Structures are given as structure tokens and as C-alpha cells.
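J.: Okay, here's the structure, questions in a sec.
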DNA sequence: GTGATTGCAAAGCGTTTGCACCGTA
DNA sequence: TACGGTGCAAACGCTTTGCAATCAC
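Chains as they are written, first to last, in our numbering: chain Y, 26 to 191; chain D, 26 to 191.
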């Protein structure tokens with residue numbers, strides 16, 4: 026449960042960036058410092074407001090671009106915020122979770138009873154009163170698995186088809 | 026895992042709406058029918074495009090308003106779509122999940138090892154190849170629990186404070 | 001009849017893009 | 001020096017709001 030310190034994160038991040046050939050600019054560093062030292066999830070504009078105090082010439086666009094880079098490198102993650110998710114499915118009676126196929130987009134429901142134990146463990150260890158939870162699995166449904174395997178086969182048989190695809 | 030049929034859903038939904046005093050208009054019904062018969066998550070504009078084929082005078086605004094009503098009644102749910110979630114936190118090394126305090130907004134990390142079993146169960150039952158999962162718990166952190174309890178106490182002592190709040 | 005609901009148009013907001021300039025490696 | 005990175009302004013797309021007309025009850 027113990028998180029890294031802001032310094033640890035910054036050191037890790039600057040190394041990760043430089044190793045991959047990214048430059049360490051003043052603007053980028055200002056954004057990183059804000060993210061590394063925050064104990065809560067921030068929006069781009071919030072990062073912008075704080076980071077600008079360190080580096081007044083910072084542009085909001087750079088915040089967006091830095092965030093994208095950080096996401097790509099797996100150094101930051103998005104936090105689920107229900108209000109921003111803009112696709113909808115019917116609920117099924119009873120508390121259920123979603124299984125989404127990343128290929129065909131279809132959705133299935135499953136019960137998450139097994140989650141109770143986990144939630145109790147987390148609650149007792151952290152002192153949290155867990156009120157709600159969000160669980161969603163993403164993968165390939167049985168049908169799309171077969172379809173992907175078939176297209177893999179095809180590629181092996183006719184490797185040129187790669188270049189034939191747009 | 027078995028989902029309701031579109032007809033079942035529609036019947037359930039119209040009852041739920043009418044019981045709460047919502048009117049069953051042509052526009053609303055068109056939106057419900059699209060949602061009830063879809064096996065995948067839809068965006069507002071997608072619902073609009075399909076529903077408009079049934080009822081050409083439908084406006085996109087009505088889709089948004091109907092979705093909001095349905096959410097309020099718990100008849101549809103939002104699906105997590107990473108790209109749309111616009112708050113960010115640092116990742117912690119190792120695969121970890123988030124615990125978010127709904128009051129102070131702070132974020133903690135916890136390991137979700139217990140999830141493995143659940144994912145295997147789901148995978149074997151459904152034929153899914155689970156590739157990724159999304160788990161997030163929301164609640165009150167220890168500190169905010171105490172703070173809320175205290176303010177509850179205050180309210181009991183001085184009930185008038187309710188009206189004093191803006 | 002009447003109050004909830006609708007649809008249009010316009011405003012609002014967060015995010016992305018084009019492009020010339022700048023600064024890191 | 002070269003090229004990755006930046007910041008401005010404008011474009012963009014989704015969502016919300018104001019308001020008069022409409023329709024379900």
C-alpha cells in the first residue's frame with residue numbers, strides 16, 4: 026500500500042524518459058513534478074494550473090502531450106471517472122460486472138461475488154469504508170478468438186497479405 | 026451469464042418509468058428499444074443514428090436526456106472506456122489497483138492478486154481470453170470517515186446547521 | 001387542460017491539430 | 001546543428017442550456 030516518494034518517482038521517470046530518447050525540457054519537467062508529488066488524481070487543467078506556477082510559459086497543450094507520453098510509457102494511469110465514460114449498456118438485475126470483447130465490442134455480464142473477500146481485505150488493511158467498486162474485464166470472446174486464430178493462419182500461409190492490407 | 030431478451034428489458038423499463046411518473050413518449054421509446062436490443066455498449070450518437078430510423082424526428086438532445094434518466098433509475102450503466110477518463114495518477118511499479126476516496130480525492134494502491142481466481146473462472150466459463158482488467162474501489166478513507174462522523178455529531182447537536190449551509 | 005417532454009439553435013467545454021519558433025542533446 | 005519539443009490560435013466534437021412548441025396523461 027506504501028507509495029513511492031515524489032523524488033523516487035521523478036528519478037524513475039527521468040531515467041525512463043531519457044533511456045527512450047525523450048528530452049528533458051523545462052516544460053516536461055514541470056508537468057512531471059506535479060504528477061509525481063500528487064496524492065490524488067488530477068485533470069489536465071489542474072496539472073496545468075499548478076505546473077504553471079513553476080514554469081509560467083507552460084502551455085496546456087504540452088500538458089496533454091506529456092500525459093500521452095507518460096501513458097504510453099506506463100508511468101501514469103487514468104483513473105476511472107464514471108461521469109466521463111460515454112458508452113452505455115443495459116444493466117442486468119442483480120449486481121453484475123462486465124466482460125467486454127475488444128474485437129467485436131459485445132458485452133457479457135458476470136457476477137463478482139468473489140470480490141467480496143478482496144474488498145474486505147482492503148477495507149480492514151486500509152481503514153477504508155469501501156462503498157462502491159468498479160470491475161470490468163476486457164479480452165477476446167470465444168468467437169473472436171477463433172476468428173483471430175484463423176487470420177493468423179492465413180498470414181502464415183500467405184505472408185504477402187500483410188502488404189495487401191491498407 | 027445469460028442476459029435478458031430485448032422484450033423482457035423493454036417491459037421492465039416501461040414499467041419502471043411509468044411507476045415513477047415518467048411519460049412514455051415516442052422519442053423515449055425509440056431510444057429504449059435501441060438500448061434494450063443492443064448486445065454492445067453504445068455511444069449517444071450511435072443510439073441516435075439507429076433510433077432515428079424508427080423515429081425520424083428524434084433529436085440528439087433527447088437521447089442524452091433519456092440516457093440520464095435511465096442512469097438515474099439504474100436501468101443502464103456506463104462502460105469504462107479508458108480513453109475517455111481524464112484524470113491521471115502515477116503508476117506504482119507492479120500491477121496494482123486503485124482505491125479512491127470520494128471525499129478528499131486521494132488515491133491509494135493495492136494489489137489485486139485475489140482477482141486471478143475470478144478471472145480464471147470467468148475465462149473458463151465463457152470461453153473468453155481475458156487480456157486486461159479494470160478494478161477500482163471507491164469509498165471513504167480512514168481520515169474522512171472520522172471527519173464525516175464528527176460532522177454527523179455536530180448536526181445532531183445543532184440541527185439548524187442544515188439550513189445554515191448554503 | 002396542463003405540465004412534462006421535445007427539438008432546435010447556440011453556447012460551452014475539453015481536447016486536438018497546424019505551424020512557426022525554440023532549446024535540448 | 002538538427003530535430004524533438006513547445007506554445008499559440010484555431011478547429012473540432014461532444015455535451016449542455018434556453019426556450020417555444022408539442023404531446024402524453
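Just so it is clear, CB atoms sit at the ideal spot from N, CA and C, and this is done for glycine as well. Please read these numbers as outputs of a predicted model, since none were measured by experiment.
1. Alpha carbon to alpha carbon, how far is residue 111 (chain Y) from residue 182 (chain D)?
2. Does residue 37 (chain D) come out as helix, strand or coil in the three-state DSSP assignment?
3. I want to verify the contact list: residues of chain D whose CB lies under 9 Å from the CB of residue 114 (chain Y), in sequence order.
4. If we ignore side chains and look at the alpha-carbon of each, how far apart do residue 162 (chain D) and residue 121 (chain Y) end up?
5. Touch check for the segment 87-107 of chain Y and the segment 35-50 of chain D: three-plus C-beta pairs under 8 Å?
6. Is residue 114 (chain D) closer than 8 Å to residue 56 (chain Y) when the C-beta atoms are compared?
7. Please report the residue range of the beta strand (DSSP E) in which residue 169 (chain D) lies.
8. With a cut-off of 8 Å, does the C-beta of residue 134 (chain D) fall near any C-beta of chain Y?
9. Determine, using beta carbons only, whether residue 134 (chain D) and residue 117 (chain D) come nearer to each other than 8 Å.
10. Can you tell me whether residue 112 (chain Y) sits near the ligand MG, meaning its C-beta is under 7 Å from at least one heavy atom of the ligand?
11. Can you tell me whether residue 152 (chain D) is buried or exposed? The criterion is at least 16 other CB atoms within 10 Å of its CB, across all chains shown.
12. For residue 151 (chain Y), go through chain D and note every residue whose CB falls closer than 8 Å to its CB, in chain order.
13. Note down the Cα distance separating residue 195 (chain D) from residue 61 (chain D), rounded to an integer number of angstroms.
14. When DSSP labels each residue in this structure, what does residue 47 (chain Y) get in the three-state scheme?
15. Going by DSSP in three states, residue 122 (chain D) sits in which element: helix, strand or coil?
16. Distance, Cα to Cα, residue 52 (chain Y) vs residue 96 (chain Y)?
T.: The short version:
1. Cα-Cα distance, rounded: 43 Å.
2. It is helical.
3. Listed by position along chain D, the residues whose Cβ is nearer than 9 Å to that of residue 114 (chain Y) are 60, 63, 64, 65, 66, 67, 101, 102, 103, 104.
4. Roughly 15 Å separates the two Cα atoms.
5. As far as the Cβ criterion goes, the segment 87-107 of chain Y does not touch the segment 35-50 of chain D, which means the pair count is below three.
6. Cβ atoms of residue 56 (chain Y) and residue 114 (chain D): not closer than 8 Å.
7. From DSSP, residue 169 (chain D) is part of no beta strand (DSSP E) but of the alpha helix (DSSP H) over 167-182.
8. For residue 134 (chain D), the answer is yes, since a Cβ of chain Y falls inside 8 Å of its Cβ.
9. Yes, they are a contact pair.
10. With respect to the ligand MG, the structure shown offers nothing to examine, as it has no ligands at all.
11. In summary, residue 152 (chain D) is exposed, with fewer than 16 beta-carbon neighbours lying within 10 Å of its beta-carbon over all protein chains present.
12. Under the 8 Å cutoff, chain D gives 124, 133, 135, 166, 167.
13. Here chain D covers residues 26 to 191 and nothing more, so residue 195 (chain D) does not appear.
14. Looking at residue 47 (chain Y) - three-state DSSP - the assignment turns out to be coil, as it is neither helix nor strand.
15. It is a strand residue.
16. The alpha-carbon atoms of residue 52 (chain Y) and residue 96 (chain Y) are separated by roughly 17 Å.
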